[in-house]
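Enquirer: In our numbering, each residue carries its 1-based index in the sequence shown increased by 27.
Here a beta-carbon is modelled for each residue, glycine too, at the ideal position from N, C-alpha and C.
Sending over a structure as structure tokens; questions will come in a sec.
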Amino acid sequence: MLLLSSAFVVILNETIMSVAISKLMNDLGIDARAAQWLTTAFMLTMAVVIPITGFLLQRFNTRPVFIAAMSLFSFGTFVAAMSPNFEILLSARILQASGTAIMVPLLMTTLMTLVPENERGKMMGNVSIVISVAPAIGPTISGVILNVLTWQWMFWLILPIALASLWIGIRRIENISEPKQVPIDIISVILSAFGFGGLIFGLSSIGGGAGDDAAASADAGPAATIALVVGGVALITFILRQLVLQRKDRALLDLRTFASRPFALAVSMMMISMGSLFGVVILLPIYTQDVLELSPLTTGLLLLPGGLLMGVLAPIVGRLFDRFGAKVLVIPGSLVVSGVLWAMTLVSETTPAWVLLCGHLVLSTGLACLFTPLMTSGLGSVRPELYSHGSAIVGTVQQVAGATGTALFVTVMSIRSNMALSAGATETAALTAGIKAAFFTGAIISLVTVVAAWFVKQPVATKKAKA
Numbered sequence: 028m029l030l031l032s033s034a035f036v037v038i039l040n041e042t043i044m045s046v047a048i049s050k051l052m053n054d055l056g057i058d059a060r061a062a063q064w065l066t067t068a069f070m071l072t073m074a075v076v077i078p079i080t081g082f083l084l085q086r087f088n089t090r091p092v093f094i095a096a097m098s099l100f101s102f103g104t105f106v107a108a109m110s111p112n113f114e115i116l117l118s119a120r121i122l123q124a125s126g127t128a129i130m131v132p133l134l135m136t137t138l139m140t141l142v143p144e145n146e147r148g149k150m151m152g153n154v155s156i157v158i159s160v161a162p163a164i165g166p167t168i169s170g171v172i173l174n175v176l177t178w179q180w181m182f183w184l185i186l187p188i189a190l191a192s193l194w195i196g197i198r199r200i201e202n203i204s205e206p207k208q209v210p211i212d213i214i215s216v217i218l219s220a221f222g223f224g225g226l227i228f229g230l231s232s233i234g235g236g237a238g239d240d241a242a243a244s245a246d247a248g249p250a251a252t253i254a255l256v257v258g259g260v261a262l263i264t265f266i267l268r269q270l271v272l273q274r275k276d277r278a279l280l281d282l283r284t285f286a287s288r289p290f291a292l293a294v295s296m297m298m299i300s301m302g303s304l305f306g307v308v309i310l311l312p313i314y315t316q317d318v319l320e321l322s323p324l325t326t327g328l329l330l331l332p333g334g335l336l337m338g339v340l341a342p343i344v345g346r347l348f349d350r351f352g353a354k355v356l357v358i359p360g361s362l363v364v365s366g367v368l369w370a371m372t373l374v375s376e377t378t379p380a381w382v383l384l385c386g387h388l389v390l391s392t393g394l395a396c397l398f399t400p401l402m403t404s405g406l407g408s409v410r411p412e413l414y415s416h417g418s419a420i421v422g423t424v425q426q427v428a429g430a431t432g433t434a435l436f437v438t439v440m441s442i443r444s445n446m447a448l449s450a451g452a453t454e455t456a457a458l459t460a461g462i463k464a465a466f467f468t469g470a471i472i473s474l475v476t477v478v479a480a481w482f483v484k485q486p487v488a489t490k491k492a493k494a
């Protein structure tokens, strides 16, 4: 429970800044593009650090890794709360992200090591709360805080929880693994940083132009293109190097995890599902505020029930997985997610808010049926000595999927909106057309998960445990 609560707090910070941009622009005297970096830098740091955690979890004991993660996060949170300017706040966000990047793979690796195969679904349901619910409700929590307090309180309220987790961890957490003298390949670290970092930066630059900052997104086009090209080349080189190093068990991120077809399938489906979640999270606030003219607080409260429902359902879905397996959950889950995305292509300038609330609740139900079974069956299909690498891959995929989903939905929205404006549509009508086109794109992609769901299999070890 200590690892779960700690991970929830640190992951919550990934999206907590998204609705604070206006206040930060006024208080710190920065433009929207600079303010967006407080979220982009967090994701960028996560993408760079997470691949290294596979090595850290093999090289060091559980306790010092936990202490390092929570110390970085707590110190970063304190610095953020005290920040007098943008530069220090940005540095604080990078410190927070460094601790967060270590915590998530640590949580999943510890769970896979300690929990018996036939109980992993229940525990992985709790992990789903951390990975999917925390970023989903981050904007809601920050919206409520900003409605009555200054932006610094987003960090002051979290700091005592982080320090309490750190103190309890220092006193009680135990080592569960035997460290190995694994050498680190510096070239792989550099390639990983440029590869994953370049992709996240490029995709986030595209997705950073949501809403009123669309012009800034267009201006960032050349930089985003260069980042994507550099990231793609570095990532291909990184993969080729890992394939060579893993023959001697020296890979920074061991790709033999993908030799397990269930793991490869689960990761692919998770990437699409996580991209859909982040895409919806970015589009719905734009739609509710710029089309339906709802306040930021109302928008945040509108999204809150879906996030809470996902948290309530995650442990239940985990227990159902332990009893019935993955397929009976992921098939209806994929159908529900796809159905909601298709339904969202019908939104208009007069769609009632309660329809969006119901749609988001149904979408959250479908995603809850996907995340826990996919993570459990995927990680349960790899060899135990590769758990740390599998966990790092899942964490990395989450970041890449979030940036990809955001960039894809925002790009489609912007292109279609500009086309509608050129055809003489009003700004509201053009934006509505763009949002419908983005949901249509997501709905088309979601059909891949509908087909793939029929091929999800229960891990062999779990089957034996149940027998």
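(1) By how many angstroms is the C-alpha of I79 removed from the C-alpha of A465?
(2) Taking DSSP as the reference, what is the three-state secondary structure of Q269?
(3) Following the continuous alpha helix (DSSP H) through S155, name the residue where it begins and the one where it ends.
(4) Between L356, G333, L331 and V483, which has its C-alpha nearest I343's C-alpha?
(5) Looking only at its chain, what residues have a beta carbon closer than 6 Å to the beta carbon of A128, apart from the 5 residues adjacent to it on each side?
(6) Taking 8 Å as the threshold (C-beta atoms), are L280 and A419 in contact?
(7) Beta carbon of S192, beta carbon of L29: below 8 Å?
(8) Please determine if the stretch 433-446 and the stretch 89-102 are in contact, where contact requires at least 3 C-beta pairs separated by less than 8 Å.
(9) Roughly how many whole angstroms lie between the Cα atoms of P91 and I200?
(10) Please work out which residues of its chain come closer than 7 Å, Cβ to Cβ, to A220, disregarding the five sequence neighbours upstream and downstream, and give them in chain order.
(11) Can you check which of these residues, L397, G386, S303 and Q269, is closest to A293 by C-alpha distance?
(12) Is the separation between the beta-carbon of A68 and that of L122 shorter than 8 Å?
(13) Tell me which residue opens and which closes the alpha helix (DSSP H) that Y314 is part of.
(14) Would the beta-carbon of R452 fall within 8 Å of that of A460?
(15) Along the chain, where does the alpha helix (DSSP H) that runs through K463 open and close?
(16) Could you tell me if F223 is buried or exposed, where buried requires 16 or more neighbouring beta carbons within 10 angstroms of its beta carbon?
(17) Can you check which of these residues, I156, T378 and L406, is closest to R147 by C-alpha distance?
(18) My output table needs one value for D349: the three-state DSSP class, helix, strand or coil.
(19) Select from I253, L383 and E205 the residue whose C-alpha is nearest the C-alpha of E412.
(20) Measure the C-alpha to C-alpha separation of W481 and I253 and round it to an integer number of angstroms.
(21) Taking F35 and A107 to be in contact with their CB atoms under 8 Å, please state how far apart those CB atoms are, rounded to whole angstroms.
(22) How about Q425 and M301: are their beta carbons less than 8 Å apart?
(23) Please state whether DSSP places F87 in a helix, a strand or coil.
(24) Would the stretch 330-339 and the stretch 152-171 be scored as touching if the rule is three or more Cβ pairs under 8 Å?
(25) Could you name the residues of the same chain whose beta carbon sits closer than 7 Å to that of I115, not counting the 5 residues immediately before and after it, in chain order?
(26) Expressed to the nearest angstrom, what Euclidean distance is found between the alpha-carbon atoms of I309 and F467?
(27) DSSP on I172, reduced to helix/strand/coil?
(28) State the CB to CB distance for the pair G165 and T42, rounded to an integer number of angstroms; the pair is presumed to be in contact (CB under 8 Å).
(29) Is DSSP giving R443 helix, strand or coil here?
(30) Tell me, to the nearest whole angstrom, how far the beta carbon of L329 is from that of L383; I am working on the premise that it is less than 8 Å.
(31) Tell me the rounded alpha-carbon separation between H416 and G81.
(32) For I94 versus G196, is the C-beta spacing smaller than 8 Å?
(33) Since L394 and V364 are thought to touch, with beta carbons under 8 Å apart, how far apart are those beta carbons, to the nearest angstrom?
(34) Once the 5 residues before and after A456 are set aside, which same chain residues still bring their CB inside 8 Å of it?
(35) Three-state secondary structure (DSSP) at D281?
(36) Under the rule that 16 or more other beta-carbon atoms within 10 Å means buried, what is Q85, buried or exposed?
Expert: Put simply:
(1) Cα atoms of A465 and I79: separation of roughly 34 Å, rounded to the nearest angstrom.
(2) helix
(3) R147 to S155
(4) Nearest C-alpha to I343: L356.
(5) Excluding residues within five positions, the ones whose Cβ falls inside 6 Å are M73, V76 and I77.
(6) Yes.
(7) Yes, the Cβ-Cβ distance between S192 and L29 is below 8 Å.
(8) no
(9) 9 Å
(10) V75
(11) L397
(12) no
(13) No alpha helix (DSSP H) contains Y314, which DSSP labels as neither H nor E.
(14) At residue 452 the sequence reads Ala, which differs from the Arg that was named. Closer than 8 Å, so yes.
(15) E454 to A479
(16) Looking at its Cβ environment, which holds 16 or more other Cβ atoms inside 10 Å, F223 is buried.
(17) L406
(18) helix
(19) Out of I253, L383 and E205, E205 has the C-alpha closest to the C-alpha of E412.
(20) 38 Å
(21) With 8 Å as the limit, F35 and A107 do not qualify as a contact, their Cβ atoms being about 18 Å apart.
(22) yes
(23) coil
(24) yes
(25) Contacts found: V106.
(26) 15 Å
(27) Three-state result, I172: helix.
(28) 4 Å
(29) helix
(30) 6 Å
(31) 5 Å
(32) yes
(33) Yes, they are in contact, since the Cβ atoms of L394 and V364 sit about 6 Å apart, within 8 Å.
(34) E376 and A447
(35) coil
(36) buried
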